[in-house]
Every structure is written in structure tokens, then in C-alpha cells.
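> Attaching a single structure in C-alpha cells format; questions to follow.
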Amino acid sequence: MTDGVHENTPHVYQPISGLHSIIRAKTFQVQALCLGRVNMSKSLGRKSQVLDDHNKFLVAIGSSNMTRVGQLVKVCLKNGMLVKKMGEQLAKATQKLYSPKSFDKAEKRLAVLMLHLAGPRLVQIYHNATGSPSTSTLRRFAATHPLRASAGFPTVEEVCYNIKNTFAGEGNLGLTEDSASAAEEVYGYQLMIDKIKVEGRPRWDEKTNRIVGVAREDADRIGLEFCSEAEAYTLCRAVADGKVRLAVEATVAAIGFLAGDARSHAARPILVSGTCKAEDAPTHATLIQTVIDACTREKVPGRLYSIASDGEACRGAALVILTHKHKLPTSSPIYSYVGKLPLMNTLVGDNDITSDKDWKHVIMKCVRCAILRDKGISVYGFTITPEIFSWHLCSNDLAPDQVEHLMNPNDKQDVLLAISLLKEIWELPETSSSRPTVIAARKHIRIFGDFLRHLITPYMDLDMSLSDQLSHLSAAAHLACSLYTYPGGGTAFLPKQLYTDIQILIKNVFFCVAKAKVDRPLGNFYIIMLGTNRLEISFGIYRTIIGNDANADIIQLVHRIAHVIQSSQILAEYPEWDSTPRRLRLPGLSSDIELSAKIDHVNPASWRGDVCLLHVLPITPWSQG
Numbered sequence: 082m083t084d085g086v087h088e089n090t091p092h093v094y095q096p097i098s099g100l101h102s103i104i105r106a107k108t109f110q111v112q113a114l115c116l117g118r119v120n121m122s123k124s125l126g127r128k129s130q131v132l133d134d135h136n137k138f139l140v141a142i143g144s145s146n147m148t149r150v151g152q153l154v155k156v157c158l159k160n161g162m163l164v165k166k167m168g169e170q171l172a173k174a175t176q177k178l179y180s181p182k183s184f185d186k187a188e189k190r191l192a193v194l195m196l197h198l199a200g201p202r203l204v205q206i207y208h209n210a211t212g213s214p215s216t217s218t219l220r221r222f223a224a225t226h227p228l229r230a231s232a233g234f235p236t237v238e239e240v241c242y243n244i245k246n247t248f249a250g251e252g253n254l255g256l257t258e259d260s261a262s263a264a265e266e267v268y269g270y271q272l273m274i275d276k277i278k279v280e281g282r283p284r285w286d287e288k289t290n291r292i293v294g295v296a297r298e299d300a301d302r303i304g305l306e307f308c309s310e311a312e313a314y315t316l317c318r319a320v321a322d323g324k325v326r327l328a329v330e331a332t333v334a335a336i337g338f339l340a341g342d343a344r345s346h347a348a349r350p351i352l353v354s355g356t357c358k359a360e361d362a363p364t365h366a367t368l369i370q371t372v373i374d375a376c377t378r379e380k381v382p383g384r385l386y387s388i389a390s391d392g393e394a395c396r397g398a399a400l401v402i403l404t405h406k407h408k409l410p411t412s413s414p415i416y417s418y419v420g421k422l423p424l425m426n427t428l429v430g431d432n433d434i435t436s437d438k439d440w441k442h443v444i445m446k447c448v449r450c451a452i453l454r455d456k457g458i459s460v461y462g463f464t465i466t467p468e469i470f471s472w473h474l475c476s477n478d479l480a481p482d483q484v485e486h487l488m489n490p491n492d493k494q495d496v497l498l499a500i501s502l503l504k505e506i507w508e509l510p511e512t513s514s515s516r517p518t519v520i521a522a523r524k525h526i527r528i529f530g531d532f533l534r535h536l537i538t539p540y541m542d543l544d545m546s547l548s549d550q551l552s553h554l555s556a557a558a559h560l561a562c563s564l565y566t567y568p569g570g571g572t573a574f575l576p577k578q579l580y581t582d583i584q585i586l587i588k589n590v591f592f593c594v595a596k597a598k599v600d601r602p603l604g605n606f607y608i609i610m611l612g613t614n615r616l617e618i619s620f621g622i623y624r625t626i627i628g629n630d631a632n633a634d635i636i637q638l639v640h641r642i643a644h645v646i647q648s649s650q651i652l653a654e655y656p657e658w659d660s661t662p663r664r665l666r667l668p669g670l671s672s673d674i675e676l677s678a679k680i681d682h683v684n685p686a687s688w689r690g691d692v693c694l695l696h697v698l699p700i701t702p703w704s705q706g
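For any residue, its number in my numbering is found by taking its place in the sequence shown, counting from 1, and adding 81.
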């Protein structure tokens, strides 16, 4: 009685006030359900409209010819736009009334690459067609710092200026955070030196007010500072009289870090100097020492491990002067690793610097040329001529046309052809013939094939560990020494310069591994980074940039070489964009020693073997070899 009648009590027992309360509650409940139904209908209508907008947007994307739809969607989402508004923006973009101005890193890099390699005309066409960054945008984004060509004999100050400009705007001088994260670790770098053909044409350099284009050998015979027309007339008369020679080649020196990351992979030129190719070895050694002194003054991060060159005789003699000064001292931190290796040449230069040879040039070109020379090669007194090689290759089920193609002596620049020939030689099995001459020839060919296999596979077998690489190179060095010193061997086996280059090449690998173990005991080391290949890649990009102007002068070279540096860095960062010319492509070897056509670039990113320095002690693979 105190709480009244419960609302669930039958209506006949409810008082009038209870019935009124029940009616009010039911009325409110009915109204709430009606309003909820209306709200649900409106919500479903809105969702249906949004789904329709999504479908319309998908249809619009499918029918639109706009190439940067993803970037448009990204900008719209960033601004909080609805799908309907996105569709309106897409319609405007299709009608060329709107273009998203937000560009990601890859788009900018690709456009910069097109600007350098193809020029502003193509970039503008590409911008009009696809909405990519325009030329003006790229010039703000990709500002470069030109180098300075040496009008006369290079000075330390000129090289220092180029070092600053080459690494301008790069933290840690081009090393990534991962590469330079540990203060106690020091990354090594290599000084790469090569030459490139230039047009013998004197030019006035407005930045230095000097006349550039005179060979450095004759630069001290005439005044090169441009003060009036008299200097130009005097130079012309001196050239006409033969007293002064113009530069026909440019010596280019570049720094190459021995780090495995893509950003620091590209070569960074720091010297451009014209020459008439009349320089002697001591003078050239002075030039190289000038570059080394500049690197020391500018405190290039890391340690100079070696100086790399191709097979040029003058530079080779200069490197002997610089890198064969004395034996490795017992106080050197790398002495415990390489100082006691039997038969190892321990002559080094200042700060334990060694010389190096480009392994592609030595192995792929020079060795093949030695095989194809008329007198052939001598293996333990048995002479193997090109005709004998051809006969044994044909007996191994190779078609005569294929053998003739492999043995073509006129095609010396085809890397893939050279590798194919050398691989066919080292894969020759034992002969089933009973003829003594055939048995003897096959035996000595297989010995030479073992030398080739030990020399080449460390640079091509992507599954090979650093320890295995050193073991194979040690075996190649010892076998080459045995064949060269055998009575009647010597130059009958290989030309003297080629044999010397091979031994220098292998020695430098062991010394660089030892230096890296001291500087970065927990890091990785890739022997494929050694040599001048990265500088030659830059030369290839330079040839692409100049187009039909095949032999540009030195001023044009230094103006474009900054673009070459930037292009090399981009291609190293995005290797899938580049396709190496077939004739210059170095294929990788799989674990079963098969040429892999799928691998265009043998680089640190594609290497699968264990190259950790912690697992390598140089004396062990040297002894195993």
C-alpha cells in the first residue's frame, strides 16, 4: 500500500493515476521507436550515399587518365576531404584544372635523374603529361655545387675546395647514420683514379679567372691568369708553335667509401686535371700525393685504405713509388693479421696505404686477352694456344659457332662474353680420349681453369662468405706464383704486368680486410667494392649526359660532374631503375656456379654470403689457399 500498485498489475486493478502513468510511458516509448526508425533510415541513406560516392570515385579512377591518383588521394586524406570532394578534385585534375603539388622522395629523385640525363626539355614534357615536378621545382630541390678544374698542376687548396663542394649538404660527408653511428668505428675509403678523353680546347673559367685546357705538363710555361686579350693571343701562338700542348685527357680522382649502404656507394670526384699523357711516374706520384694531403687536411671521415687504378703503366709506376716505400712495421695494428703471412708482399706506403687494381679490368679483359694471344699461355711447360682451347671446348659439346663467338679476339669490351669464355674453360671435365696429347692438353687446361675459378668466383658467387673469398684468392695467388716461376713460365704464362696486377689485387684485398677488422671488427666487408668500377660507372653516366658531344672539354666536364655525382647516388639508392648495358653486365653466380641472368648488378645489396669481419682471420684462409 505504501509503494502503490505495480505497473505490471492487470489494468482492472490499476487506479486512474496508474493508468495515466502507463499510457504516458507507452506513448513515450512509441515516439522513441518512431524517431529511432527515422534516424536509422536517415543514417542508412547517408551511408548508402557514401557507398555510392565510393563507387563513383572508383569508376572515376578507372576512367581517368591521370597518372598521380595515389598522390591526389594522399593530399585529400591529409586535408580531411570526403570521398565526394575527392571525386570533384579528381575531375578537376582530369580536366587539368588542378594538380597535386605534393611529391614523394622517389618522384623527386626520378625527375632529377631525368633532368640530368635527358635535360630540361624532357622534364617539362614529362611534367605536362603526368604532373611530375617541374624544372623550376627540381632546380630548387636538386641544387648542385660544381667542382673546380685545375688550370695547372693541382694544388692542395684546389682539391680541398672540390672535397667541400662534393660533400656539401651531406651529413658525415655522405655516410648514412647507420654507417657513421658508432664513434669508435672508422669506415675505410679508397682513392680511385682514372682518365677520360676530353676535347683539346682552352676555355676561360669565370670562377677562377684562369684559362683551363692546357696540359698540366706545360702549364708552367705560360701565364694562365686572364688579365687581357694578350694572354689569349700568347697561348694561341704557343700552341701553334708547339711550345705548349693542350690537354687531351682528364685525370679524375674520386673517393669511394667501403660501406655497404646504397647512399655511400657512389664515387665522389674531387680532382679534375688535364694532361697530354706525357707525364712521368715521379710527377704523377706527386699529383696523387697532393690529393692524399688534401683528404687529410679536410679530414675526410674514415681511413684511406688503398689507391685504385686500372692497368695504366705510368700510374702503376707512380703507385709503386707511393705504396712500396717500406715493409709493414711490426708496430702497425694490422701486422698481427697480415704481417706474418708466408710469401705475402708486405711493402706499404705511409699509413700502411696499398695500391689496388680494378678487378673487372684485370680479370675480365686482361686475362681473356692473354688467352687469345697468338702464342697462347704456358702451363708448367705445356703451351696452350687459342686453337687448342677451341678444340677442347668443341669436344665438350659446344657448337663451333658458339666457340668461335667466345674466342673472338676483336671484341675486348664485352664483359659477359669474357665471363662465359672463362667459365667454359674452368668447367672442362677430364677427357675420355686415350690419346696422350689430348690427355696432356686437358690436364694443363684444367690446371689453368682452376686458377681462373679461384680468381673469378670470389667476385661473382653471391653465396660465398668472406672467408671463402679469401681462401679462393689465396689459392689463385699461390697457383699463379707457381705457374709464373716455373722454368719456362714467366711471360709465357701471363704478361708481366698482368701477373703483377693480379698479385697486387689479391694483396690489397687481404690488407683491406685486415684494416677493416681493426677499424670495424663487427662490421661487414665487400671485396666487390674495391677497384675503380664505381668511377667508371660515373664516366658512363657522364657520357649519357653529354650525348652526341662525345668529347667535351674540361670546363664542360667539371660543370656536369656534379650532376654525375647526384645521378650516381640516385641510381645506387634505386638500383631497380637502372639497367646495365648487356656488354658491360657482370652476372652473378648461384651456389651451383651457374650464371644467373636475373642478377643485373653484383653489389652489396645482392650479396647473400656471410661477409662479417668477426668470422674471418686472414691467416686462416691464406693458409687454406
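Heads up, the beta-carbon is just placed ideally off N, CA and C, and yes, glycines get one too.
With a threshold of 6 Å on Cβ separation, who are the neighbours of Arg190 within its own chain once the five nearest residues in sequence on each side are excluded?
Only Ile651 meet the Cβ criterion.
> Using C-beta distances below 7 Å, list every residue in its chain close to Val599, excluding the 5 sequence neighbours before and after it, in chain order.
Cβ neighbours of Val599 beyond the five flanking positions: Pro414, Ile415.
> Does the structure place the stretch 343–359 close enough to the stretch 221–233 that three or more beta carbon pairs sit under 8 Å?
Short answer: they touch.
> Between the Cα of Leu474 and the Cα atoms of Glu505, Leu305, Asp495, which residue gives the shortest distance?
Considering only alpha carbons, the answer is Glu505.
> Is it a yes or a no for the stretch 524–542 touching the stretch 555–567, going by three-plus beta-carbon pairs under 8 Å?
Yes: at least three Cβ pairs fall under 8 Å.
> Taking only the alpha-carbon atoms, compute the straight-line gap between Asp342 and Pro685 and give it to the nearest angstrom.
So the alpha carbons of these two residues sit roughly 8 Å apart.
> In terms of residues, what are the limits of the alpha helix (DSSP H) holding Ile303?
Note, Ile303: premise wrong, no alpha helix (DSSP H); not H, not E.
> Residues in its own chain within less than 8 Å of Ala264 by CB, not counting five upstream and five downstream?
Annotation note: pLDDT 40 at Ala264 (below 50); position unreliable, no value reported.
> If you draw a straight line from the alpha carbon of Pro96 to that of Leu132, how long is it in whole angstroms?
Going by the C-alpha atoms only, they are around 54 Å apart.
> My parser needs the beta strand (DSSP E) runs of 3 or more residues fully inside the stretch 324–358; what are they?
Listed in chain order, the complete beta strand (DSSP E) runs (minimum 3 residues) inside the stretch 324–358 are 330–338, 349–356.
> Leaving out five residues on either side along the sequence, give the residues of the same chain with a beta carbon under 8 Å from the beta carbon of Leu219.
Excluding sequence neighbours, Leu219 sits near Lys189, Ala192, Val193, Leu196, Val204.
> Classify Trp285 as helix, strand or coil using the three-state DSSP reduction.
In this structure, Trp285 counts as strand in the three-state DSSP scheme.
> Please give the ranges of any beta strand (DSSP E) in the stretch 178–223, keeping only runs that are unbroken, at least 3 residues long and fully inside the region.
Counting only runs of 3 or more, we get nothing.
> Contact check, Cys395 vs His442 under 8 Å by CB: the rounded distance?
Incorrect: roughly 16 Å between the Cβ atoms, too far for contact.
> Judging by CA-CA distance, which residue of Val140, Gln112, Cys115, Asp286 is the nearest neighbour of Leu638?
Among Val140, Gln112, Cys115, Asp286, the Cα nearest to that of Leu638 is on Asp286.
> Could you pull out every residue in the same chain whose Cβ sits closer than 6 Å to the Cβ of Ile528, ignoring the five residues on either side in sequence?
Answer for Ile528: Val460, listed in chain order.
> Quick one: residues in its chain with C-beta nearer than 7 Å to the C-beta of Gln647, no 5 flanking neighbours on either side, listed in chain order?
Around Gln647: Val193, His197, Ala223, Thr225.
> What is the rounded straight-line gap between the Cα of Met488 and the Cα of His407?
Answer to the nearest angstrom: the Cα atoms are 42 Å apart.
> Is it the case that the Cβ atoms of Gly569 and Gly462 are separated by a distance below 7 Å?
Contact: yes.
> Start and end of the alpha helix (DSSP H) containing Ser552?
547–566 is the extent of the alpha helix (DSSP H) around Ser552.
> Helix, strand or coil, according to DSSP, for His87 in the structure here?
Residue state, collapsed to three classes: coil.
> Would Lys182 be called buried (16 or more neighbouring beta carbons within 10 Å of its own) or exposed?
Exposed.
> According to the neighbour-count rule (16 or more other Cβ atoms, all chains shown, within 10 Å of its Cβ), is Asn136 buried or exposed?
Counting Cβ neighbours within 10 Å, Asn136 comes out exposed, since fewer than 16 surround it.
> My output table needs one value for Leu603: the three-state DSSP class, helix, strand or coil.
Coil at Leu603, not helix or strand.
> Count the other C-beta atoms from every protein chain shown that fall within 10 angstroms of the C-beta of Met152, then say buried if there are 16 or more, exposed otherwise.
For clarity, residue 152 is Gln in the given sequence; the question names Met instead. Buried.
> From Ile609 to Val237, what does the alpha carbon distance come to, in whole angstroms?
Straight-line Cα distance between these residues: approximately 30 Å.
> Check Phe234 in the structure and name its three-state DSSP category.
Coil, per DSSP.
> Could you tell me the alpha carbon to alpha carbon distance between Ile626 and Cys376, rounded to whole angstroms?
Between Ile626 and Cys376, the C-alpha separation is close to 28 Å.
> Which residues share a DSSP beta bridge with Thr367?
Beta-bridge pairing links Thr367 to no other residue.
> What is the DSSP secondary structure of His405, counted as helix, strand or coil?
Looking at His405 - three-state DSSP - the assignment turns out to be coil, as it is neither helix nor strand.
> Applying the criterion that 16 or more other CB atoms from any shown protein chain within 10 Å of the CB defines a buried residue, is Cys447 buried or exposed?
With 16 or more Cβ atoms within 10 Å of its Cβ, Cys447 is classed as buried.
> Quick check on DSSP: helix, strand or coil for Ile434?
Of the three classes helix, strand and coil, the one that applies to Ile434 here is coil, per DSSP.
> Based on DSSP bridge pairs, tell me the residues matched to Gly269.
Arg384.
> Gly281: buried (16+ other C-beta within 10 angstroms of its C-beta) or exposed?
Gly281 comes out buried.
> Between the C-alpha atoms of Arg302 and Arg291, what's the straight-line distance to the nearest angstrom?
C-alpha separation (whole angstroms): 14 Å.
> Which residue from Gly269, Glu511, His696, Thr566 puts its Cα closest to that of Leu547?
Nearest option by C-alpha distance: His696.
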